[in-house]
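For reference, the structure discussed in these notes is given below.
Residue numbers (the working numbering): 27 to 345.
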């Protein structure tokens, strides 16, 4: 089963379906058919480098596997990275609009570039892994881990909001289904969203894992997707009730959420599906899945790799 039910053509992008040049994934607003959010996955061979022109967007360089350096705006950031998205919290780098960034990796790796069109030009910055808030959300079979590296109120961006979610095998996340596709002050934000998935291979000799993701319409003719997702797959959500994301037993699921919208205030306000929001009331009576956290933020390294100048270089949500 690869796309049992999809009435919104192109919203489920399979691995390799949007590859371009050095990017294994290249989703820009034009490709997505919307106005704000973008995601690229850059693959670098050992010793490889790439220059990112940010244009009218702000970007975060987030290692998926491996480490890299980011040289931009006279700053030099060394990202220690990680072995895999299932291996630990990573550090990251913020790159402003109207800039160029050289991304290089001695050992090679894969790096997510999460972007959003923006107006303010903020300074380039380093995001240390130990400062990433790791939260456990939900309870029982709805337990999941959220790495809030660029959540609203955690790390300053102009428009971009991004988090990582890890769901233990057999659990549901992005549940209850929720939406953020219309602006209602104090109640709901209008945000486009990208889900990028990876499934834990689970050991040598095992075949690639899978999971499932659902988006149901919140309006006539709206986004309607039920997709079997595998590592490298992406689901684009311009509107609709999204969730659940379902991890198969024995297969932990990772997804990166990238969001942005037209609102002047950078907020993440969601509305639960009226048929399913009651599930929250059951959580206080259940323990969090004991498999969580899958990992915690690492302690600060003895030598802080945050920026030097080039000259010196020698609210409970349902995710």
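Glycine residues also receive a C-beta, built at the ideal position from the N, C-alpha and C atoms.
Bridge partners - residue i, DSSP secondary structure assignment
i, result
"residue 129", "76 and 96"
"residue 267", "242"
"residue 107", "Paired residue(s): none; residue 107 is not in a bridge."
"residue 174", "Paired residues: none, contrary to the question."
"residue 314", "The partner list for residue 314 (beta bridge, DSSP) is empty, contrary to what the question assumes."
"residue 386", "Because the chain spans 27 through 345 in this model, residue 386 falls outside it and cannot be assessed."
"residue 188", "176 and 284"
"residue 120", "86 and 151"
"residue 223", "281"
"residue 296", "Answer is none; residue 296 lacks a bridge partner."
"residue 273", "237"
"residue 260", "39 and 222"
"residue 321", "None, per the DSSP bridge assignment."
"residue 52", "66"
"residue 198", "272"
"residue 167", "Note: residue 167 sits in no beta bridge, so no partner."
"residue 46", "49"
Whole-Å CB distance - residue i paired with residue j, under 8 Å assumed
i, j, result
"residue 153", "residue 119", "7 Å"
"residue 172", "residue 185", "The pair is not a contact, with the Cβ atoms about 20 Å apart (cut-off 8 Å)."
"residue 94", "residue 129", "6 Å"
"residue 204", "residue 296", "4 Å"
"residue 55", "residue 84", "Between residue 84 and residue 55 the Cβ distance is about 13 Å, and since that is not below 8 Å, they are no contact."
"residue 114", "residue 324", "6 Å"
"residue 169", "residue 320", "So it is not a contact: roughly 11 Å between Cβ atoms."
"residue 57", "residue 259", "No, residue 57 and residue 259 are not in contact; Cβ-Cβ is about 15 Å, not under 8 Å."
"residue 201", "residue 261", "About 15 Å separates the two Cβ atoms, so there is no contact after all."
"residue 280", "residue 190", "7 Å"
"residue 136", "residue 87", "In fact, because the Cβ distance is near 11 Å, the residues do not count as touching under 8 Å."
"residue 264", "residue 240", "Contact flag wrong, Cβ pair sits at about 15 Å."
"residue 126", "residue 167", "The pair is not a contact, with the Cβ atoms about 46 Å apart (cut-off 8 Å)."
"residue 212", "residue 277", "Contact flag wrong, Cβ pair sits at about 38 Å."
"residue 315", "residue 197", "6 Å"
Contact under 8 Å by Cβ, residue i with residue j
i, j, result
"residue 2", "residue 283", "It is not possible to answer for residue 2, since the shown part of the chain is limited to 27 through 345."
"residue 53", "residue 70", "no"
"residue 142", "residue 62", "yes"
"residue 224", "residue 238", "no"
"residue 98", "residue 109", "no"
"residue 266", "residue 300", "no"
"residue 117", "residue 147", "no"
"residue 192", "residue 287", "no"
"residue 165", "residue 313", "yes"
"residue 293", "residue 178", "yes"
"residue 133", "residue 89", "no"
"residue 37", "residue 249", "yes"
Boundaries of the alpha helix (DSSP H) in which residue i is found, first to last residue
i, result
"residue 56", "55-58"
Opening and closing residue of the beta strand (DSSP E) in which residue i lies
i, result
"residue 280", "279-286"
"residue 249", "Premise fails: residue 249 is in no beta strand (DSSP E) and is neither H nor E."
"residue 217", "Where residue 217 is concerned, there is no enclosing beta strand (DSSP E), given that its DSSP letter is neither H nor E."
"residue 210", "207-210"
"residue 115", "It is not in any beta strand (DSSP E) - residue 115 carries neither H nor E in the DSSP assignment."
"residue 423", "Because the chain here runs from 27 to 345, residue 423 falls outside it and cannot be looked at."
CB contact below 8 Å: residue i versus chain D
i, result
"residue 216", "Checking the listed chains, one finds no chain D in this structure; it contains a single protein chain."
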